[in-house]
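A short worksheet on the structure shown next.
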Amino acid sequence: MGKFKLYIGIDPGKNGALAMIRESKEVILIDFNLKAYINLLNSFKNNIKSYDMFIGIERVHSMPGEGVKSSFSFGERVGELKGMISTLNFDNNTEWILPQIWQKHINTDSNKGKKAIADHLLKQYPSADLFGPRGGLKDGRSDALGIASYIYQKYN
Numbered sequence: 039m040g041k042f043k044l045y046i047g048i049d050p051g052k053n054g055a056l057a058m059i060r061e062s063k064e065v066i067l068i069d070f071n072l073k074a075y076i077n078l079l080n081s082f083k084n085n086i087k088s089y090d091m092f093i094g095i096e097r098v099h100s101m102p103g104e105g106v107k108s109s110f111s112f113g114e115r116v117g118e119l120k121g122m123i124s125t126l127n128f129d130n131n132t133e134w135i136l137p138q139i140w141q142k143h144i145n146t147d148s149n150k151g152k153k154a155i156a157d158h159l160l161k162q163y164p165s166a167d168l169f170g171p172r173g174g175l176k177d178g179r180s181d182a183l184g185i186a187s188y189i190y191q192k193y194n
């Protein structure tokens with residue numbers, strides 16, 4: 039029997055998330071929680087003979103005009119993710135992707151905003167829960183799913 043394939047996208051932003059797409063196109067979304075990410079990836083590592091895993095993480099940097107504290111926090115988050123990937127020995131399974139690359143793959147004008155990206159993704163993955171309890175878009179989930187979708191298309 040062949041290995042199960044998993045396609046994972048991670049948005050490391052302040053409201054970031056992890057999205058996982060299975061071969062069946064089932065989507066799992068987790069709002070940023072480093073311990074939950076570690077537990078999830080570690081469970082696959084412990085059964086690595088059963089899985090082929092492809093991970094994409096948005097390659098980001100601070101922007102002009104951002105405060106020092108928020109830039110530092112952002113850098114810490116990226117460092118945590120790099121440490122997690124390295125500790126779990128997933129360096130060879132991981133690709134750092136510029137936002138422009140995965141957004142171009144989505145084939146929608148990113149200037150139209152996060153909602154346009156989410157609307158496009160929901161056409162592909164209608165069961166994806168991209169909205170909070172009061173109906174607001176959780177853009178970290180949407181971006182993570184966009185990254186995972188890019189990885190899915192690239193490696194499937």
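For the sequence shown, the positions run 39 to 194 when this note's numbering is used.
For each residue, glycine too, the CB sits at the ideal point set by N, CA and C.
- Scanning Asp167, Phe92, Lys41 for the CA closest to the CA of Ile135 turns up Phe92.
- The three-state secondary structure of Lys43, taken from DSSP, is strand.
- For Val65, the secondary structure class from DSSP, reduced to helix, strand or coil, is strand.
- Beyond the five residues adjoining it in sequence on each side, Leu126 comes within less than 7 Å, by CB distance, of Leu79, Asn80, Lys83 in the same chain, given in chain order.
- Taking the CA atoms as reference points, Ser111 sits about 8 Å from Lys52.
- According to DSSP, residue pairing for Phe70 in a beta bridge does not occur.
- Taking C-beta atoms as the reference points, Ile46 and Gly94 count as a pair closer than 8 Å.
- Counting along the chain, Arg115 sits inside the alpha helix (DSSP H) bounded by residues 106-125.
- Around the beta carbon of Leu72, fewer than 16 other beta carbons sit within 10 angstroms, so the residue counts as exposed.
- Nearest neighbour of Leu44 by Cα position, chosen from Ser108, Lys87, Arg179, turns out to be Lys87.
- Nearest to Gln162 by C-alpha distance, out of Ala186, Gly54, Leu175, is Ala186.
- Between Pro137 and the set Pro50, Asn131, Phe42, the nearest pair of CA atoms involves Pro50.
- Taking the Cα positions, Met58 is about 7 Å away from Leu183.
- Judged by DSSP secondary structure, Ala55 falls within the beta strand (DSSP E) whose first and last residues are 55-60.
- Here the alpha carbon of Glu64 sits roughly 34 Å from the alpha carbon of Ser109.
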